[in-house]
Structures are given as structure tokens and as C-alpha cells.
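Enquirer: Residue numbers (my numbering): 231 to 370. All residues carry an ideal CB built from backbone N, CA and C; glycine is no exception.
#1: So, are the CB atoms of residue 345 and residue 305 less than 8 Å apart?
#2: Ends of the alpha helix (DSSP H) at residue 325?
#3: Quick check: residue 308 and residue 293, are their CB atoms within less than 8 Å of each other?
#4: With 16 as the cutoff for other CB atoms within 10 Å, does residue 339 come out buried or exposed?
#5: Just to confirm my understanding: we take residue 300, look at its own chain, exclude 5 residues before and 5 after, and list those with CB closer than 7 Å. What are they?
#6: In terms of alpha-carbon separation, which member of 326, 266, 288 lies closest to residue 276?
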């Protein structure tokens with residue numbers, strides 16, 4: 231959870247209204263008495279992402295940004311995007327299947343082995359208490 235200001239929550243469609251504290255009870259009672267439609271229209275961003283064209287555009291943009299940041303050194307980032315896209319397009323069951331396959335394949339790559347080695351080596355270094363020898367004097 232990221233905290234939002236009231237106006238941000240209203241803009242995102244997370245709340246129905248934003249009112250001053252002094253009239254909160256009156257507005258709440260009025261709102262409760264109103265007949266509300268059974269479903270609220272999706273915010274513009276979600277309507278765009280709900281369609282295949284909007285999702286394709288989003289994943290293309292995120293893919294380019296990820297490629298730029300990782301410089302192509304981490305194949306997992308690309309596969310993560312593919313898996314999420316599969317889950318959104320074909321349902322959660324297909325997404326979970328794609329995730330399991332991708333994890334199995336990626337766990338066996340040379341990059342994965344190298345990253346695990348780096349992780350364990352850095353963990354070992356943190357545990358090393360160092361030497362008992364006194365520090366050398368500084369020459370300034």
C-alpha cells in the first residue's frame with residue numbers, strides 16, 4: 231500500500247466523493263439514500279488496458295523500458311512480462327502455467343547460476359568478521 235491524497239483517490243475512481251469534514255455526515259447520508267447504479271464505469275486508464283490493443287501498447291512500452299534498464303543482461307525480465315501478459319490475456323490459470331514453465335527454464339540458465347553465485351558470495355562476505363590484526367595507521 232501506497233497512500234494517496236483524497237483528490238488522487240477521487241481521480242483514480244477509488245472513492246465516490248471528496249468533501250470537507252464539516253459536511254461529511256450530511257453528504258454520506260445523502261449518498262446512502264441515493265439509488266446508485268450497480269456498477270461504476272471503469273476509469274479511462276483501466277478501460278484502455280482492458281482491451282488487447284491497450285495492453286499490447288503497454289507491454290511494448292514496458293518491455294522497451296525494461297530492456298533499456300537491464301541492457302539485455304537479464305532474460306527473466308522479458309519472460310516476466312510475457313507471463314503477466316499471458317495471464318491477463320488468457321486467464322490466471324494459463325498465466326500460472328506459463329509462470330511455472332518460465333521459472334523452470336530460467337532457473338537453468340547460465341545467468342541464473344551466476345546470479346545465485348553472486349548472491350551466496352555476497353552473503354558469505356557479510357558474515358566474515360574480518361581480521362584480528364589492528365588497523366594500519368593512516369599517513370596523511
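Expert: According to the structure data:
#1: Numbered from its first residue, the chain shown carries residue 345 at position 115. Numbered from its first residue, the chain shown carries residue 305 at position 75. Their beta carbons are not under 8 Å apart, which means residue 345 does not touch residue 305 by this criterion.
#2: Walking along the chain shown from the start, residue 325 turns up at place 95. Counting along the chain, the alpha helix (DSSP H) containing residue 325 begins and ends at 322-336.
#3: The residue labelled residue 308 in the question sits at position 78 within the chain shown. The residue labelled residue 293 in the question sits at position 63 within the chain shown. The answer is yes: Cβ separation under 8 Å.
#4: If you number the chain shown from 1, residue 339 lands on position 109. With fewer than 16 other Cβ atoms within 10 Å, it is exposed.
#5: On the chain shown, position 70 is the one that residue 300 refers to. Closer than 7 Å at the Cβ level, and outside the excluded window around residue 300, lie 307.
#6: The count along the chain shown starts at 1 and reaches residue 276 at position 46. The shortest Cα separation from residue 276 among 326, 266, 288 belongs to 288.
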